[in-house]
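Sequential numbering from 1 applies to the sequence shown in full-length UniProt numbering. Virtual Cβ for every residue (Gly too), placed ideally from N, Cα, C. Please read these numbers as outputs of a predicted model, since none were measured by experiment.
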Amino acid sequence: MNIELEEFYTFPTRVKIASILRKAIFSGDIKAGEELSLTDVANKLNVSRTPVREAFQILESENLLELRMNKGAIVKCIDDNFFKDYYEVRILLETKAIEKAINNNIDVSYLEKIHNDFERNIESSTEEDYKKYNQNFHFYIWKNANNEKLFSILLSLWNGPSFQIIGKGNYVNDSLEEHKEIIEAIKEKNIKKAISCVETHLNTSLKNILALKKW
1 MNIELEEFYT FPTRVKIASI LRKAIFSGDI KAGEELSLTD VANKLNVSRT PVREAFQILE
61 SENLLELRMN KGAIVKCIDD NFFKDYYEVR ILLETKAIEK AINNNIDVSY LEKIHNDFER
121 NIESSTEEDY KKYNQNFHFY IWKNANNEKL FSILLSLWNG PSFQIIGKGN YVNDSLEEHK
181 EIIEAIKEKN IKKAISCVET HLNTSLKNIL ALKKW
């Protein structure tokens with residue numbers, strides 16, 4: 001498949017590192033109470049200590065890490081409310097983004113193209129293909145809201161693979177069906193329907209995460 005990664009935004013190294021660590025925390029690969037060393041993480045990821053330190057600061061702001069002076073960081077405990085709060089904020093922002101995008105006459109043809117391309121090749125697609133497709137689907141809507149501050153805040157909340165539950169039951173098929181409903185609502189310029197579809201889509205993600213929690 002040929003779907004460009006991060007077509008609408010290129011993540012800085014610190015954000016990519018934060019995403020890797022976040023995913024490991026949520027998956028249970030890194031446990032609560034475990035200490036993370038700047039040097040160890042930098043060596044494992046083959047990067048300098050600076051972006052790792054910046055990634056630690058990002059995760060501290062998300063209440064996932066407790067920074068230790070010159071000693072790296074300690075992983076904090078997370079619970080269901082962490083994810084519920086996260087998705088509550090995403091729903092508020094993404095429903096506003098799609099409302100603004102429709103009012104700005106978003107060209108839905110791009111969403112249709114990447115959706116149809118992925119669906120047509122789903123049998124031969126990889127986990128990475130889905131991540132790229134899903135990222136571009138959401139980013140395109142956010143970008144067409146034409147509000148750089150809103151786009152920036154949504155990017156700061158975006159966790160990409162951290163919140164993907166690939167290969168679990170019918171997750172991908174359900175996601176595709178919900179994306180299709182979002183596309184139809186945009187084509188109809190039905191803001192109320194579009195908002196409802198986005199809420200359903202994000203609540204489905206939350207439900208899947210809580211059902212498969214490992215923290």
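What does a CB cutoff of less than 8 Å around residue i pick up in its chain, not counting 5 residues either side in sequence?
i: residue 103; result: 191
i: residue 161; result: Residue placement at residue 161 is flagged as unreliable, the pLDDT there being 40, under the threshold of 50; the coordinate-derived value follows with that caveat. Cβ within range, chain order: 19, 23 and 131.
i: residue 68; result: 35 and 74
Between which residues of its own chain and residue i is the CB-CB distance below 7 Å, once the five residues before and five after are set aside?
i: residue 59; result: 18, 21, 22 and 65
i: residue 110; result: 140
i: residue 13; result: 47 and 51
i: residue 193; result: 185
i: residue 221; result: Only positions 1 to 215 of the chain appear in this structure, which leaves residue 221 out of reach.
Do residue j and residue i come within 8 Å of each other at the CB atom, strictly closer than that value?
i: residue 100; j: residue 146; result: yes
i: residue 32; j: residue 76; result: yes
i: residue 38; j: residue 119; result: no
i: residue 206; j: residue 87; result: yes
i: residue 42; j: residue 49; result: yes
i: residue 210; j: residue 83; result: yes
Pop quiz: residue i and residue j are said to be a contact at Cβ under 8 Å. What is the actual Cβ separation, rounded to whole angstroms?
i: residue 108; j: residue 195; result: Contact flag wrong, Cβ pair sits at about 16 Å.
i: residue 115; j: residue 180; result: 7 Å
i: residue 91; j: residue 202; result: 5 Å
Hey, how far is the Cα of residue i from the Cα of residue j?
i: residue 204; j: residue 16; result: 25 Å
i: residue 113; j: residue 94; result: 21 Å
i: residue 143; j: residue 11; result: 15 Å
i: residue 149; j: residue 155; result: 10 Å
i: residue 173; j: residue 62; result: 30 Å
i: residue 97; j: residue 151; result: 8 Å
i: residue 89; j: residue 157; result: 9 Å
i: residue 40; j: residue 129; result: 30 Å
For residue i, collect the residues of the same chain with a Cβ closer than 6 Å to its Cβ; drop the 5 residues on either side in sequence, then sort them by chain order.
i: residue 36; result: 72 and 73
i: residue 216; result: This structure cannot settle anything about residue 216, because the visible part of the chain is limited to 1 through 215.
Quick check for students: name the residue ranges of the beta strand (DSSP E) that lie wholly in the UniProt domain "HTH arsR-type" (1-98), counting only runs of 3 or more.
Counting only runs of at least 3 residues, the UniProt domain "HTH arsR-type" (1-98) fully encloses the following beta strand (DSSP E) elements, listed from N- to C-terminal order: 65-68 and 72-75.
Just list the alpha helix (DSSP H) runs in the stretch 166-202, keeping only unbroken ones of 4 residues or longer that don't cross its boundaries, in chain order.
Fully enclosed alpha helix (DSSP H) runs of 4 or longer: 171-187.
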